[in-house]
Amino acid sequence: MKKLFNYICMGSLLFTATSCGDEWLNLEPSTSIETATSINILSDVEFTLNGIYSDMQSSNAYSGRLVYYGDVRGDDMQAVSLSKRTGDYYNFGHTKDNGPSSHWLNLYSFIQNCNLILNNIEKIDATGKEDYRDDLKGQALAIRGMALFDLTRIFGYPYTKDNGASLGVPIVSDSKGIESKPARNTVAECYTQVINDLTSAVSLLSGDFNKGKFNKWAAMSLLSRVYLYKGDNTNALAMAEAAIEGAEGEGWELWSHDDYPLAWADDATSIAPGEVLFEIVNSTTDSPGKESMGYLNSKDGYDDMCITTSFYDLLSKDPDDIRLKLLITDKNRYFYVFKYQPQEGEAITDANIPLIRLAETYLNAAEAAVKLGDNETAVKYLDPIVRRANPNKTVEGMTLSLEDVLNERRKELVAEGHRMFDVIRNGLTVERYDVKNSKMSKTKHFSSHMEFDWNFYRIVLPIPKAEMDTNPNMVQNPEY
Ligand code: CA
Numbered sequence: 050m051k052k053l054f055n056y057i058c059m060g061s062l063l064f065t066a067t068s069c070g071d072e073w074l075n076l077e078p079s080t081s082i083e084t085a086t087s088i089n090i091l092s093d094v095e096f097t098l099n100g101i102y103s104d105m106q107s108s109n110a111y112s113g114r115l116v117y118y119g120d121v122r123g124d125d126m127q128a129v130s131l132s133k134r135t136g137d138y139y140n141f142g143h144t145k146d147n148g149p150s151s152h153w154l155n156l157y158s159f160i161q162n163c164n165l166i167l168n169n170i171e172k173i174d175a176t177g178k179e180d181y182r183d184d185l186k187g188q189a190l191a192i193r194g195m196a197l198f199d200l201t202r203i204f205g206y207p208y209t210k211d212n213g214a215s216l217g218v219p220i221v222s223d224s225k226g227i228e229s230k231p232a233r234n235t236v237a238e239c240y241t242q243v244i245n246d247l248t249s250a251v252s253l254l255s256g257d258f259n260k261g262k263f264n265k266w267a268a269m270s271l272l273s274r275v276y277l278y279k280g281d282n283t284n285a286l287a288m289a290e291a292a293i294e295g296a297e298g299e300g301w302e303l304w305s306h307d308d309y310p311l312a313w314a315d316d317a318t319s320i321a322p323g324e325v326l327f328e329i330v331n332s333t334t335d336s337p338g339k340e341s342m343g344y345l346n347s348k349d350g351y352d353d354m355c356i357t358t359s360f361y362d363l364l365s366k367d368p369d370d371i372r373l374k375l376l377i378t379d380k381n382r383y384f385y386v387f388k389y390q391p392q393e394g395e396a397i398t399d400a401n402i403p404l405i406r407l408a409e410t411y412l413n414a415a416e417a418a419v420k421l422g423d424n425e426t427a428v429k430y431l432d433p434i435v436r437r438a439n440p441n442k443t444v445e446g447m448t449l450s451l452e453d454v455l456n457e458r459r460k461e462l463v464a465e466g467h468r469m470f471d472v473i474r475n476g477l478t479v480e481r482y483d484v485k486n487s488k489m490s491k492t493k494h495f496s497s498h499m500e501f502d503w504n505f506y507r508i509v510l511p512i513p514k515a516e517m518d519t520n521p522n523m524v525q526n527p528e529y
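What the sequence shown shows, in the numbering used here, is residues 50 to 529, in sequence order.
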């Protein structure tokens, strides 16, 4: 019954999206609230949730900007040129007057709409449908937690820099959202809220496959990532291990070595869920368009971003690494990462966006374990990733360093939005350099910021000018 209901509801949403052009994709926060029908029955909750997922699908959000942000600001990927969409992100070119507002507006819009659900769902009579109600509530909590986590890591300094003492972003839990002119909370307060939301989500969410929706294992994996960012390695490891055990018990599994190069195009189903725990589902009739990851990462698209020569040098040290097969080249001038593969019958603009993969959960576990000095556990979780890439390799019998784990992480998660955050949260330095005699004839760095760590003030974005101008309680980030 539940599956059928989901299908009908998605059907009516798609109809709405088609008949109203891009309206669902481009809702501003205030419009979203007005558009949301009052929430009286559980189907209203599901309808509102579908609207949030649809907003998340925008190329200004999780089909584009919110993902590539972490890549082009690091050392493994770069903008193809400064005039590209990714140019200012790559070159840290934003000032307090021209900083992008889309991250702020989109993420607060998701939070605001989740608040609408969370502030009303307990009033609904769910007799006989408690599990369904709990799952919907869990999804809203998971999305709100993810949105606040992303806001905190984009606008606030890493928790590990000062134990969260510096300013994060406002925590808003009423339906007014940022229109109530809130002040910023500390990074520590934001992490507490994120962890509370995700912990509650984990206790409520179903572990069943639910296409394009948050499930229990995705929320647990995200929570392990949050703990890792916070430096709470004990909880990061425990949460990642539980997520892996739970997900694999329900049929998720790492893609095989042979399947890896093309598995990204798979349209996951409950029979074959693969290794993607949470993805944005795009399709021909419901596409984020040309500003999406698929089009930006392609030589046949806007060719906006490519890998750096130093990343190619790292990955190609093992010529048999299967991940080399994901690199598509344009006469050896640039190498593009082909992870955003369209599903059957689709164009590259319609590629799904995997946001949380089981491989990351393994890497979260390995990183937490190595930091806890638990080499045996670190090996246990790193080895499947290493051997998947090349079945003739293993880390068994090795004493792993943090660098070993982080290098495997960058090779596995390139182009998925992690790298800059992974360097910075570990207190390390982003070092951008060109490898001489690289196979890539035209790829060269052109940024004025080639080496930086968490002391560089521009590793956080400025609070958007519109927010500063209208909210007297808002404080700008230092030095902007
Ligand atoms: Ca698709």
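Glycine included, every Cβ here is placed at the ideal spot set by N, Cα and C.
Computed from a predicted model, the values in this text were never measured in an experiment.
Environment of residue i [buried if 16+ CB atoms lie within 10 Å]
i, result
"Tyr-482", "exposed"
"His-306", "exposed"
"Lys-133", "buried"
"Leu-311", "exposed"
"Pro-537", "Because residue 537 is not part of the residues shown, which for the chain are 50 to 529, the question remains open."
"Val-524", "exposed"
"Lys-380", "exposed"
"Pro-527", "exposed"
"Asn-504", "exposed"
"Asn-522", "exposed"
"Asn-413", "buried"
"Glu-457", "buried"
"Glu-95", "buried"
"Glu-83", "Its pLDDT being 44, under 50, Glu-83 is placed unreliably in this model, and the value from its coordinates should be taken loosely. Per the 10 Å Cβ criterion, exposed."
"Asn-155", "buried"
"Tyr-56", "With a pLDDT of only 29 at Tyr-56, under 50, the local geometry of the prediction cannot be trusted, and no value is derived from it."
"Gly-2", "It is not possible to answer for residue 2, since the shown part of the chain is limited to 50 through 529."
"Met-469", "buried"
"Glu-171", "exposed"
C-alpha distance - residue i paired with residue j, whole-angstrom precision
i, j, result
"Tyr-351", "Leu-131", "13 Å"
"Glu-516", "Ala-464", "30 Å"
"Thr-144", "Phe-387", "32 Å"
"Ser-332", "Ile-88", "28 Å"
"Ser-336", "Pro-403", "15 Å"
"Ser-273", "Ser-215", "22 Å"
"Asp-502", "Glu-302", "35 Å"
"Val-116", "Gly-446", "35 Å"
"Gly-113", "Gly-338", "10 Å"
"Ser-158", "Asn-168", "15 Å"
"Lys-460", "Leu-364", "6 Å"
"Glu-395", "Leu-376", "20 Å"
"Asn-259", "Asp-518", "41 Å"
"Thr-426", "Tyr-529", "43 Å"
"Ser-319", "Gly-295", "15 Å"
"Tyr-118", "Thr-334", "26 Å"
"Pro-368", "Tyr-309", "16 Å"
"Asp-315", "Arg-406", "14 Å"
"Leu-449", "Ala-285", "18 Å"
"Asp-146", "Thr-201", "20 Å"
"Pro-348", "Tyr-361", "What sits at residue 348 in the sequence shown is Lys, not Pro. Computed Cα separation, rounded: 17 Å."
Close beta carbons around residue i, own chain, < 7 Å, minus the five adjacent residues each side
i, result
"Pro-219", "Ile-227, Pro-231, Ala-232, Arg-233 and Asn-234"
"Leu-91", "Ile-173, Ala-175, Lys-178, Tyr-181, Arg-182 and Leu-185"
"Asp-304", "The residue you asked about is not Asp; residue 304 is Trp in the sequence shown. So the qualifying residues of the chain are Ala-312, Gly-323 and Glu-324."
"Ser-359", "Asp-124, Tyr-482 and Val-484"
"Tyr-111", "Met-105, Ile-329, Ile-402 and Leu-404"
"Ala-408", "Leu-303, Glu-324, Ile-434 and Glu-461"
"Val-121", "Gln-127, Ala-128, Thr-135, Tyr-138, Tyr-139 and Met-354"
"Leu-373", "Leu-364 and Ser-365"
"Gly-213", "Thr-235, Val-236, Ala-237 and Tyr-240"
"Tyr-430", "Tyr-411, Ala-414, Ala-415 and Ala-418"
Close beta carbons around residue i, own chain, < 6 Å, minus the five adjacent residues each side
i, result
"Ala-400", "Gly-343, Tyr-389, Gln-390 and Pro-391"
"Arg-474", "Pro-207, Thr-209 and Tyr-278"
"Ala-85", "Residue placement at Ala-85 cannot be trusted, given a pLDDT of 49 that sits under 50; the coordinates are not used to answer."
"Pro-513", "Gly-148, Ser-150 and Trp-153"
Rounded distance between the beta-carbons of residue j and residue i, thought under 8 Å
i, j, result
"Val-275", "Val-243", "6 Å"
"Gly-205", "Glu-238", "Not confirmed; about 10 Å, so no contact."
"Lys-488", "Asn-282", "38 Å between Cβ atoms; not a contact."
"Glu-340", "Ser-108", "4 Å"
"Ala-292", "Thr-410", "5 Å"
Close beta carbons around residue i, own chain, < 8 Å, minus the five adjacent residues each side
i, result
"Gly-3", "Residue 3 lies beyond the residue range present for the chain, which begins at 50 and ends at 529; the question has no answer from this structure."
"Val-221", "Tyr-157, Ile-160, Gln-161, Asn-164, Ile-227, Ser-229 and Pro-231"
Residue i beta carbon near ligand 2 (any heavy atom closer than 8 Å)
i, result
"Ala-317", "Ligands present in the displayed structure are limited to ligand 1, and ligand 2 is not among them."
Could you say if the region 125-141 and the region 490-506 meet the contact criterion of at least three C-beta pairs nearer than 8 Å?
yes
**Asked** With a cut-off of 8 Å, do at least 3 Cβ pairs link the region 100-107 to the region 156-176?
**Response** yes
Any 3 or more C-beta pairs closer than 8 Å across the region 243-253 and the region 506-523: no
Inset, instruction - Check whether the region 145-152 touches the region 187-198, taking contact to mean three or more Cβ pairs, one atom from each stretch, closer than 8 Å. - result: no
* Would the region 178-197 and the region 115-130 be scored as touching if the rule is three or more Cβ pairs under 8 Å? -> no
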